[in-house]
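**Q** First, the structure itself, so that you have it in front of you.
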Amino acid sequence: MNGIIIGAVVGSPAFQPPGAVHPFHSPNARTLITERPALWRGPTVARLDYLCRLPVGWNGYRAGPVSFNVAHFALRLLDAVCGPETPAPSLVPGSSGDLQIEWHSQTIDIELHIIAPNVVQAWRETPETGEDGQEVPLTIDFTEVAQWIKTLAEPSSAPIETAA
Amino acid sequence: MPLSKPPRDATGEVVPHNHEGIMQTDRIIRRVSEEHFVPDPKAATGRRVSSLAFQASTIGNRGMSVDIESSIVEAGIDPTTFVTTPQYIGSVWFHAGYLRSEGFLVGYDPLPENPHHGEVWGNFTKGLRKKLLKVAQWFVEIDNVDLHVAS
């Protein structure tokens, strides 16, 4: 199942006895169609919220929190490139309000360094790239990254679940 | 002997430099926060240090903050205590000579809150950050986190 939920809600303020049956075509009925949120989204949003509240000096020096603009862009990026079953990534704060999104599996490492909105250094290491990896600077087109992330879902490359 | 004052620009900002008082064999300490720890099944402990732990700032004089062990010792302070105050945090070290051999400048940049603060300046490419991860040694080790992970 792909998580699409269809339901009917009766909006009448009148008292409704338990067990009452409300016809689907009732004028007060609303039909809601909602998608089950992707598994990675909840933990990711919570982690981004946390990173945006880091105190200055969290790294032992003078680093500040992740900037809201970077966090917002990161979430939009993930919405664009991740599927509903994509494992939740690790999110690592940088020292200048930046952020790195990472997945690590037995065979694939993917790191997306968000330096600023639309300024991203994407990198991955696979058995084919060797340990130097493949680095791609990106701005608005993340098609290639979406392809990389699809490979995470393959059984041989499933990463460990993260606490984000 | 305390480190001599570093060179500064017209605004008073320390400019990138190789400080002559920081010897090649001096240990340069980089603090590593738990925010830098990520899960990785390739790590023996299941956790590793992110490559972003070794990164220059994009503001100010654009270096990577470090602590200079020789300066701390010169001041009569235990270095382990110094780099775990005010918050207990992990750290790694490199020889200044190694960093310079990779093209970095290693200089002195004292701060009001950290008179033993230094900077490492250079081009922190992904490849070099990965290399630093491979070479780094724990100064204050954090349990259940790997520095070195087999590819």
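If you read the protein sequences in the order shown, they are chains H and W.
Quick note: the first sequence uses the working numbering, first residue 44, plus one each step.
Quick note: the second sequence uses the working numbering, first residue 3, plus one each step.
Even for Gly, the Cβ is constructed at its ideal location relative to N, Cα and C.
What are the residues of the region 80 to 100 of chain W that lie near chain H, defined by any Cβ-Cβ distance shorter than 8 Å?
**A** Result list: 85, 89, 91, 93.
**Q** Just list the beta strand (DSSP E) runs in the region 148 to 203 of chain H, keeping only unbroken ones of 3 residues or longer that don't cross its boundaries, in chain order.
**A** 152 to 159, 162 to 168, 177 to 181
**Q** Between which two residues does the alpha helix (DSSP H) carrying residue 69 of chain W extend?
**A** Where residue 69 of chain W is concerned, there is no enclosing alpha helix (DSSP H), although the beta strand (DSSP E) it sits in stretches over 66 to 70.
**Q** Taking C-alpha atoms, which residue in H/127, H/186, H/178, H/134 lies nearest to residue 93 of chain H?
**A** H/134
**Q** Quick check: is the beta carbon of residue 83 of chain H nearer than 9 Å to any beta carbon in chain W?
**A** no
**Q** Distance, Cα to Cα, residue 125 of chain H vs residue 153 of chain H?
**A** 13 Å
**Q** Would you report the Cα separation of residue 130 of chain H and residue 117 of chain W, rounded to the nearest angstrom?
**A** 43 Å
**Q** What does a CB cutoff of less than 7 Å around residue 139 of chain W pick up in its chain, not counting 5 residues either side in sequence?
**A** Hits under 7 Å: 94, 95.
**Q** On the three-pair Cβ rule with 8 Å, is the region 35 to 55 of chain W touching the region 69 to 87 of chain W?
**A** Flag = no, the region 35 to 55 of chain W and the region 69 to 87 of chain W do not touch.
**Q** Would you kindly work out how many angstroms separate the C-alpha atoms of residue 151 of chain H and residue 150 of chain W, rounded to a whole number?
**A** Residue 151 of chain H and residue 150 of chain W: Cα-Cα distance of roughly 16 Å.
**Q** May I ask which residues mark the beginning and end of the beta strand (DSSP E) holding residue 41 of chain W?
**A** 39 to 41
**Q** The region 99 to 119 of chain H: which residues have C-beta closer than 9 Å to a C-beta of chain W, in chain order?
**A** 100, 101, 102, 103, 104, 105, 106
**Q** Just verifying my parser: in three-state terms, what is the DSSP assignment at residue 88 of chain H?
**A** Here residue 88 of chain H carries a helix assignment [DSSP, helix/strand/coil].
**Q** Figure out for me which residue from H/169, H/87, H/173, H/159 has the closest Cα to the Cα of residue 137 of chain H.
**A** H/159
**Q** Between the Cα of residue 157 of chain H and those of H/89, H/71, H/179, spot the shortest distance and give me the residue it belongs to.
**A** H/179
**Q** Show which residues of chain H have a CB atom less than 9 Å away from the CB atom of residue 232 of chain W.
**A** Outside the displayed span of chain W (3 to 153) sits residue 232 of chain W, for which this structure offers no information.
**Q** Excluding the 5 residues flanking residue 29 of chain W on each side, which residues of the same chain have their C-beta closer than 7 Å to its C-beta?
**A** Same-chain partners within the cutoff: 71, 95, 97.
**Q** Helix or strand or just coil, what does DSSP make of residue 122 of chain H?
**A** helix
**Q** On a CA-only basis, which of H/169, H/185, H/177, H/173 is nearest residue 195 of chain H? Give me that one, please.
**A** When the alpha-carbon of residue 195 of chain H is set against those of H/169, H/185, H/177, H/173, the nearest one is in H/169.
**Q** Which class does residue 10 of chain W belong to by DSSP, given the choice of helix, strand or coil?
**A** Judged by DSSP in its simplified three-state form, residue 10 of chain W adopts strand.
**Q** In chain order, what residues of the same chain have a beta carbon less than 6 Å from the beta carbon of residue 81 of chain H, not counting five sequence neighbours either side?
**A** 127
**Q** Could you check what DSSP says for residue 101 of chain W in three-state terms: helix, strand or coil?
**A** The answer is helix: DSSP assigns residue 101 of chain W an H, G or I state.
**Q** In or out: residue 44 of chain H buried (at least 16 other Cβ within 10 Å) or exposed?
**A** Per-residue confidence for residue 44 of chain H stands at a pLDDT of 39, beneath the threshold of 50, marking its modelled position as unreliable; the derived number appears in the next sentence. Exposed, by the Cβ-count rule.
**Q** Could you give the first and the last residue of the continuous alpha helix (DSSP H) run that contains residue 129 of chain W?
**A** 128 to 137
**Q** When you compare only the Cα positions, how much space is there between residue 182 of chain W and residue 192 of chain H?
**A** With chain W running from 3 to 153 in the structure shown, residue 182 of chain W is simply not present.
**Q** Nearest CA to the CA of residue 166 of chain H: which residue from W/58, W/11, W/91, W/132?
**A** Taking only the C-alpha atoms, the option nearest residue 166 of chain H is W/132.
**Q** Would a check of beta-carbon distances place residue 19 of chain W closer than 9 Å to chain H?
**A** no
**Q** Should the region 30 to 50 of chain W be called in touch with the region 83 to 92 of chain H, which here means at least 3 C-beta pairs below 8 Å?
**A** no
**Q** Could you say which of W/21, W/81, W/119 lies nearest to residue 106 of chain W if we only look at CA atoms?
**A** Selected option, being the one with the closest Cα: W/21.
**Q** Could you tell me which of W/111, W/78, W/59, W/119 sits nearest to residue 141 of chain H, measuring between CA atoms?
**A** W/59
**Q** If you run the structure through DSSP and keep just helix, strand and coil, what is residue 75 of chain W?
**A** helix
**Q** Which class does residue 81 of chain W belong to by DSSP, given the choice of helix, strand or coil?
**A** Reduced to three states, the DSSP call for residue 81 of chain W is helix.
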